[in-house]
């Protein structure tokens with residue numbers, strides 16, 4: 001059966017030598033429909049002389065035809081027929097609604113057309129009205145180039161990526177391929193892909209052994225100057241600092257501390273190297289080691305207010321009693337534990353969520369009774385109570401406080 005279908009495909013392609021295509025219909029998001037129910041433009045395409053649409057319909061309707069068979073049929077098609085074939089495929093649900101198989105066929109056709117006649121392919125893509133459609137076709141070309149010539153793929157993406165169009169994830173991990181090539185190649189790809197609509201770098205990247213994280217981060221800081229704030233949010237791979245902290249934690253910490261005071265985070269607003277560093281360290285350290293490290297970090301910082309907020313966020317990455325007790329026991333060698341907690345608790349009050357709320361309670365109950373009452377009076381006296389403080393007040397009954405004790409501590 002398969003041989004008969006292939007033979008019929010080859011015989012039909014003889015019609016390519018005569019006749020011509022009557023013109024592609026605009027790409028739409030209409031679902032696939034039987035021929036007698038097609039809109040007039042699609043029906044005209046189907047019934048045009050020497051149309052490849054009946055062949056396509058037969059090919060895709062057969063369960064015995066797989067992607068390899070489609071490629072074999074594609075070998076026999078003339079590039080002059082690609083617009084018709086591509087247009088018909090795109091009509092089967094719209095580009096963003098195509099099933100995986102049809103989307104793969106479409107990408108193979110675009111890649112083949114570009115390889116045979118890049119000027120014609122790019123001119124046709126440029127004629128498409130929808131920026132999302134143009135982006136889809138350009139991205140297909142990038143995916144084809146990426147496995148053959150990565151620098152050429154990145155250069156093409158830099159030249160054709162439309163930041164106003166919708167980004168669809170690459171069909172394979174192009175970002176990890178770029179990291180395998182060099183930090184510079186990864187930076188260029190991430191910078192070219194940064195979009196205010198959707199971050200293409202949302203998936204973790206597989207960094208090779210020996211990857212130069214420091215030069216990569218410095219390169220990202222330099223590249224960020226050409227992007228707006230929304231694009232900067234999507235440029236940095238989310239696991240970059242995390243992976244760095246796994247292979248070289250001391251180097252990653254030193255870099256995070258250096259750049260924190262050097263305006264680096266101002267160039268990449270909302271990007272917090274220290275937070276990401278502590279996320280990585282918390283994943284790889286035991287509770288005692290993590291608590292001791294945070295104590296050393298806290299003692300080394302001269303800005304106690306800023307350090308207190310960072311310590312609270314770092315403790316939130318591993319909010320268990322053993323980590324907290326290790327941290328407090330270590331810093332208490334140099335300072336009273338009540339003093340340390342009284343520094344950390346106020347800094348925590350702008351942070352909300354289950355992890356933050358639970359850690360805040362753990363810190364509060366470790367204060368002496370006198371220090372607890374002093375803290376409650378101090379924050380209650382503020383003109384506006386922070387949201388984290390209100391969360392703590394609601395939890396006081398579960399911590400053993402009676403209504404009268406709460407009233408005495410915070411007032412009406």
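In full-length UniProt numbering, the protein residues as written are 1 to 412. Just so you know, even glycine gets a beta-carbon here, dropped at the ideal spot from N, CA and C. Just so it is clear, the structure is predicted and the values come from calculations on it, not from any experiment.
Q.
Could you compute how far the alpha carbon of residue 188 sits from the alpha carbon of residue 284?
A. 30 Å
Q) In this structure, does DSSP put residue 124 in helix, strand or coil? A) helix
Q: Can you tell me which of the three DSSP states residue 146 falls into?
A: helix
Q. Taking the Cβ atom as the reference point for each residue, do residue 85 and residue 110 lie within a distance shorter than 8 Å?
A. no
(Q) Suppose only complete runs of 3+ residues qualify. What are the beta strand (DSSP E) ranges in the region 171-199, listed by chain order? (A) none
Q. Should residue 239 go down as buried or exposed, given a rule of 16 or more other Cβ atoms within 10 Å for buried?
A. buried
Q.
Considering Cα atoms alone, identify which of 222, 397 and 193 is closest to residue 165.
A. 193
Q. Can you round the beta-carbon distance between residue 330 and residue 359 to whole angstroms, since I take them to be within the 8 Å contact cut?
A. Rounded, the Cβ-Cβ distance is 17 Å, inconsistent with contact.
(Q) For the structure I just gave you, are there three or more beta carbon pairs, one from the region 213-223 and one from the region 159-178, closer than 8 Å? (A) no
(Q) Mapping the DSSP letters down to three states, classify residue 255 as helix, strand or coil. (A) helix
Q.
Between which two residues does the alpha helix (DSSP H) holding residue 287 run?
A. 287-300
Q. What does a CB cutoff of less than 7 Å around residue 348 pick up in its chain, not counting 5 residues either side in sequence?
A. 312, 356, 360 and 388
Q | Which listed residue (376, 161 and 80) has its alpha carbon closest to that of residue 490 | A | A query on residue 490 cannot be resolved here, the shown segment of the chain reaching from 1 to 412 and no further.
Q. Got a sec, what are the start and stop residues for the alpha helix (DSSP H) residue 161 sits in?
A. Segment: none, residue 161 is in no alpha helix (DSSP H) and carries neither H nor E.
Q: Could you check the C-alpha separation between residue 174 and residue 287 for me, to the nearest Å?
A: 36 Å
Q. Hey, quick one: how far does the alpha helix (DSSP H) through residue 351 stretch, first residue to last?
A. From DSSP, residue 351 is part of no alpha helix (DSSP H); its letter is neither H nor E.
Q. Roughly how many angstroms separate the alpha carbons of residue 295 and residue 327, rounded to a whole number?
A. 5 Å
Q: Pull up the distance between the alpha-carbon of residue 129 and that of residue 135, whole angstroms please.
A: 11 Å
Q.
Between 278, 232, 227 and 234, which has its C-alpha nearest residue 252's C-alpha?
A. 278
Q) Out of curiosity, what's the CA-to-CA distance linking residue 399 and residue 365? A) 8 Å
Q: Take the Cβ of residue 195 as the centre, count every other Cβ of all protein chains shown within 10 Å, and call the residue buried at 16 or more, exposed below.
A: buried
Q) What separation, rounded to the nearest whole angstrom, lies between the Cα atoms of residue 362 and residue 228? A) 40 Å
Q | Start and end residues, alpha helix (DSSP H) containing residue 113 | A | 100-116
Q: Determine the direct distance from the alpha carbon of residue 393 to that of residue 377, and round the result to whole angstroms.
A: 12 Å
Q. On the premise that residue 89 lies in contact with residue 114, defined as a C-beta separation below 8 Å, what is that separation, rounded to the nearest angstrom?
A. With 8 Å as the limit, residue 114 and residue 89 do not qualify as a contact, their Cβ atoms being about 16 Å apart.
Q.
Cutting at 6 Å between CB atoms, please list the residues of its own chain near residue 373, excluding the five before and the five after it.
A. 409
**Q.** Distance, residue 308 Cα to residue 345 Cα
**A.** 8 Å
**Q.** Counted within 10 angstroms of its Cβ, other Cβ atoms place residue 242 as buried (16 or more) or exposed
**A.** buried
Q.
Which of the three DSSP states is assigned to residue 365 in this structure?
A. helix
Q.
Considering only the alpha carbon of each residue, which of 369, 354, 407 and 125 lies closest to residue 380?
A. 407
Q) Grouping DSSP H, G and I as helix and E and B as strand, with all else coil, what is residue 407? A) helix
Q) Hey, does residue 400 have any beta-carbon neighbour from chain C nearer than 8 Å? A) No chain C is part of this structure, which consists of one protein chain only.
Q) How big is the Cα-Cα spacing for residue 367 and residue 221? A) 42 Å
Q: Run the CB neighbour count on residue 172, radius 10 Å, all protein chains shown included, and call it buried at 16 or more, exposed below.
A: exposed
**Q.** Every unbroken alpha helix (DSSP H) inside the region 369-400 [4 residues or more]
**A.** 369-380 and 387-395
(Q) Could you give the first and the last residue of the continuous alpha helix (DSSP H) run that contains residue 243? (A) 240-247
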